[in-house]
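J.: Below is a structure I'd like to ask you about.
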């Protein structure tokens with residue numbers, strides 16, 4: 001395997017609770033992303049997938065904070081560098097787009113200004129050159145009359161186009177890693193499909209590494225090389241997309257796939273996962289999925305299984321399939 | 001009885017657009033949310049209404065449940081016009097047509113316990129006080145919850161449990177028609193299946209007519225016998241669910257089907273079906289049509 005571009009090691013994120021204790025939401029997460037690789041992080045709400053990546057970007061807001069681990073980007077521990085260095089890396093080497101394009105854009109500034117601000121912060125270029133770079137980025141994300149649209153305000157764009165603007169902003173400085181946090185979830189399905197197409201295309205053309213966070217395994221499987229499945233703040237499975245899709249080893253991954261209906265095959269009752277996703281601070285000592293797991297056995301609830309690697313496929317389960 | 005239980009006859013619904021100044025200057029316009037929509041829903045049908053934002057599917061739900069009146073056209077329940085049934089008060093209509101909302105946390109009063117919420121609904125139906133407690137337990141059982149949920153407040157419940165309470169509250173009126181507006185889109189995928197299976201079972205067991213409003217074609221396929229595809233305030237295609245999904249005729253239906261994530265089978269190469277549907281709407285006007 002080629003040396004990792006991003007390597008997350010033993011990452012822990014916690015919240016200070018009302019009684020002064022710490023509640024952990026990300027509980028020792030390890031995974032890595034190779035240069036140019038596309039990795040999907042899949043999990044339900046509360047799995048810790050978004051918090052992990054916000055921690056990578058050092059964008060966690062109080063009361064959440066990193067309580068342990070390292071985030072190595074190209075040999076440099078992002079959790080150890082000072083804020084000035086982090087600001088230089090953020091937007092230039094590593095960029096992120098969020099679920100809600102509406103609240104990620106400043107409604108009072110033209111999109112041209114917002115993209116050129118990013119360019120100006122990282123590259124020593126003239127205003128004219130910054131505008132040219134901004135227009136080029138807009139064009140690359142499929143916005144027609146890009147140079148003309150620089151003067152437009154966010155409210156003049158539809159939701160899908162706003163997400164394109166954010167992606168343009170993220171890629172304007174040619175980062176090596178793009179983190180996309182549910183970038184299409186708030187959009188209509190046909191627009192969603194095009195945003196996913198766009199990210200796949202940019203990755204191919206620019207050689208970007210992509211981390212695509214989603215609750216939808218079927219969506220992620222269309223564009224990534226590898227899938228990391230999270231549950232209850234832990235990585236429960238991590239493997240090549242084909243293996244995750246065709247032969248998942250963790251019972252949660254299998255059920256996650258089975259409970260989403262498809263447009264083909266027989267029609268019948270859906271496979272349900274009984275119970276509810278775990279709540280923070282009320283996780284079992286062992287495997288977080290054990291209370292809902294149909295295969296749970298003796299050690300499952302009391303002892304957390306290790307994430308065991310087997311030919312590039314890691315599974316944390318006492319009874320893998 | 002052979003006639004449709006719920007009918008829309010050439011229904012239009014529009015909303016005024018623009019501020020007071022625009023109106024004073026005579027520059028006001030109207031946003032057309034539904035444009036000449038006719039639909040018959042037969043008793044016992046499970047109809048999926050699909051479309052994207054701006055398609056008018058939620059406006060249609062609001063009209064069917066009596067939360068809004070059409071600008072023109074008629075809505076009929078069992079052949080009787082809404083205007084007649086609601087002349088004196090909306091009670092009879094509302095009793096027969098009930099709704100489950102998308103966002104269960106804002107659809108439930110945060111200060112009222114589950115038992116009180118259901119109790120008040122039962123009172124509206126005229127259930128005497130002495131029988132309410134046992135009916136509450138029955139309703140909770142019906143939606144797969146235990147009586148221990150009764151004293152809880154909405155914020156103490158999970159999203160899936162809250163959505164079940166929303167369903168129990170609708171069923172407390174013993175409705176004939178149930179309208180569910182994106183009832184699972186706010187839920188985690190592992191909970192969606194639970195609620196969909198529950199809806200499917202209850203519809204069958206209670207002989208309900210269900211209008212299931214969703215943007216998720218695969219869910220509609222699982223649950224519904226008929227499908228109605230809407231776009232920009234109009235019905236573009238309808239028919240038996242499996243037929244339409246297997247042999248879609250309208251390009252928009254085809255684009256919707258092409259956009260459903262398909263996992264490995266959908267590995268990305270540029271998709272011609274999507275290109276046919278045209279580019280993303282670039283501006284807000286593109287979405288809402290000429291305003």
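Chains as they are written, first to last, in my numbering: chain A, 1 to 321; chain B, 1 to 291.
Ideal placement from N, C-alpha and C gives every residue a C-beta, glycine not left out.
The structure presented is a predicted model; accordingly, all values stated were derived computationally and were not measured.
Is DSSP giving residue 200 (chain A) helix, strand or coil here?
T.: helix
J.: Check whether chain B comes within 8 angstroms of residue 319 (chain A), counting only Cβ atoms and requiring the distance to be less than that.
T.: no
J.: Checking 8 angstroms against the spacing of the C-beta atoms, do residue 218 (chain B) and residue 263 (chain A) come in under that value?
T.: yes
J.: For residue 277 (chain A) versus residue 286 (chain A), is the C-beta distance shorter than 8 angstroms?
T.: no
J.: Short of 9 angstroms Cβ to Cβ, which residues in the stretch 272 to 304 of chain A face chain B?
T.: 272, 273, 274, 275, 276, 277, 279, 292
J.: Rounded to whole angstroms, how far is the Cβ of residue 46 (chain B) from the Cβ of residue 212 (chain B), which I believe are closer than 8 angstroms?
T.: 7 angstroms
J.: In the DSSP assignment, find the beta strand (DSSP E) that holds residue 48 (chain A) and state where it starts and stops.
T.: No beta strand (DSSP E) holds residue 48 (chain A); DSSP gives it neither H nor E.
J.: Looking at residue 307 (chain A): is its Cβ nearer than 8 angstroms to the Cβ of residue 257 (chain A)?
T.: no
J.: Please state whether DSSP places residue 100 (chain B) in a helix, a strand or coil.
T.: If DSSP states are grouped into helix, strand and coil, residue 100 (chain B) belongs with the strands.
J.: Kindly identify the DSSP beta-bridge partner or partners of residue 227 (chain B).
T.: B:48, B:239
J.: Considering only DSSP beta bridges, list what residue 315 (chain A) is partnered with.
T.: A:237, A:308
J.: When you compare the CB positions of residue 57 (chain A) and residue 94 (chain A), do they come within less than 8 angstroms of one another, or not?
T.: The answer is yes: Cβ separation under 8 angstroms.
J.: Let me know the secondary structure DSSP gives residue 12 (chain B) once reduced to three states.
T.: strand
J.: At which residues does the alpha helix (DSSP H) containing residue 150 (chain A) begin and terminate?
T.: Per DSSP, residue 150 (chain A) is not a residue of any alpha helix (DSSP H), being assigned neither H nor E.
J.: Counting only C-beta atoms, is residue 194 (chain B) closer than 8 angstroms to chain A at any point?
T.: yes
J.: Do the stretch 68 to 84 of chain B and the stretch 236 to 253 of chain B meet, that is, are 3 or more Cβ pairs less than 8 angstroms apart?
T.: Too few Cβ pairs lie closer than 8 angstroms, so no.
J.: Who are the near neighbours of residue 21 (chain A) in its chain, counting only those whose CB is closer than 6 angstroms to its CB and skipping five residues on each side?
T.: Excluding residues within five positions, none has a Cβ falling inside 6 angstroms.
J.: Using a Cβ-Cβ cut-off of less than 8 angstroms, list which residues of the stretch 172 to 193 of chain A approach chain B; keep chain order.
T.: 188, 189, 190, 191, 192, 193
J.: Pull up the distance between the alpha-carbon of residue 128 (chain A) and that of residue 180 (chain A), whole angstroms please.
T.: 29 angstroms
J.: For residue 143 (chain B) and chain A, any beta-carbon pair shorter than 8 angstroms?
T.: At least 8 angstroms separates the CB of residue 143 (chain B) from every CB of chain A.
J.: Quick check on residue 114 (chain A) - is its C-beta less than 8 angstroms from some C-beta in chain B?
T.: Cβ-Cβ to chain B under 8 angstroms: no for residue 114 (chain A).
J.: Output yes if chain A places a C-beta closer than 8 angstroms to the C-beta of residue 277 (chain B); else output no.
T.: Bear in mind that a pLDDT of 42 at residue 277 (chain B), under 50, signals an unreliable position, so the number given afterwards is only what the model happens to contain. Among the CB atoms of chain A, one or more fall inside 8 angstroms of the CB of residue 277 (chain B).
J.: Just to confirm, are residue 101 (chain B) and residue 181 (chain B) a CB contact at a threshold of 8 angstroms?
T.: Contact: yes.
J.: Under a three-way DSSP split, which group does residue 283 (chain A) fall into?
T.: coil
J.: Take residue 14 (chain B) and list the residues in its own chain whose beta-carbon comes closer than 7 angstroms to its own, dropping the five residues that flank it on each side.
T.: Spatial neighbours of residue 14 (chain B) in its own chain (CB-CB distance under 7 angstroms, excluding positions within 5 residues in sequence) are listed in chain order as 30, 31, 32, 33, 71.
J.: Checking 8 angstroms against the spacing of the C-beta atoms, do residue 6 (chain B) and residue 177 (chain B) come in under that value?
T.: yes
J.: For the stretch 239 to 262 of chain A, which residues have a beta carbon sitting closer than 9 angstroms to at least one beta carbon of chain B?
T.: Here the close residues are 241, 242, 245, 246, 252, 255, 256, 257, 258, 259, 260, 261, 262.
J.: Quick one: which unbroken alpha helix (DSSP H) runs of 4-plus residues sit fully inside the stretch 12 to 100 of chain A? Chain order, please.
T.: 49 to 56, 83 to 89
J.: Within 8 angstroms, do at least three Cβ pairs link the stretch 153 to 165 of chain A to the stretch 95 to 102 of chain A?
T.: yes
J.: Less than 8 angstroms between the CB atoms is what I'm expecting for residue 332 (chain A) and residue 130 (chain A), so what's the real figure, rounded?
T.: Since the first residue of chain A shown is 1 and the last is 321, residue 332 (chain A) is not available in this structure.
J.: Determine the chain B residues that contact residue 219 (chain A) at a beta-carbon separation under 7 angstroms, and present them in chain order.
T.: 261
J.: Can you check which of these residues, A:170, A:126, A:234, is closest to residue 314 (chain A) by C-alpha distance?
T.: The shortest C-alpha separation from residue 314 (chain A) is found at A:234.
J.: Could one say the Cβ of residue 245 (chain B) lies closer than 8 angstroms to chain A's Cβ atoms, at least one of them?
T.: yes
J.: Roughly how many whole angstroms lie between the Cα atoms of residue 301 (chain A) and residue 232 (chain A)?
T.: C-alpha separation (whole angstroms): 13 angstroms.
J.: Out of B:162, B:200, B:175, which has the shortest C-alpha to C-alpha gap to residue 312 (chain B)?
T.: With chain B running from 1 to 291 in the structure shown, residue 312 (chain B) is simply not present.
J.: Among B:96, B:165, B:267, B:223, which residue has its Cα nearest to the Cα of residue 105 (chain B)?
T.: Nearest to residue 105 (chain B) by C-alpha distance, out of B:96, B:165, B:267, B:223, is B:165.
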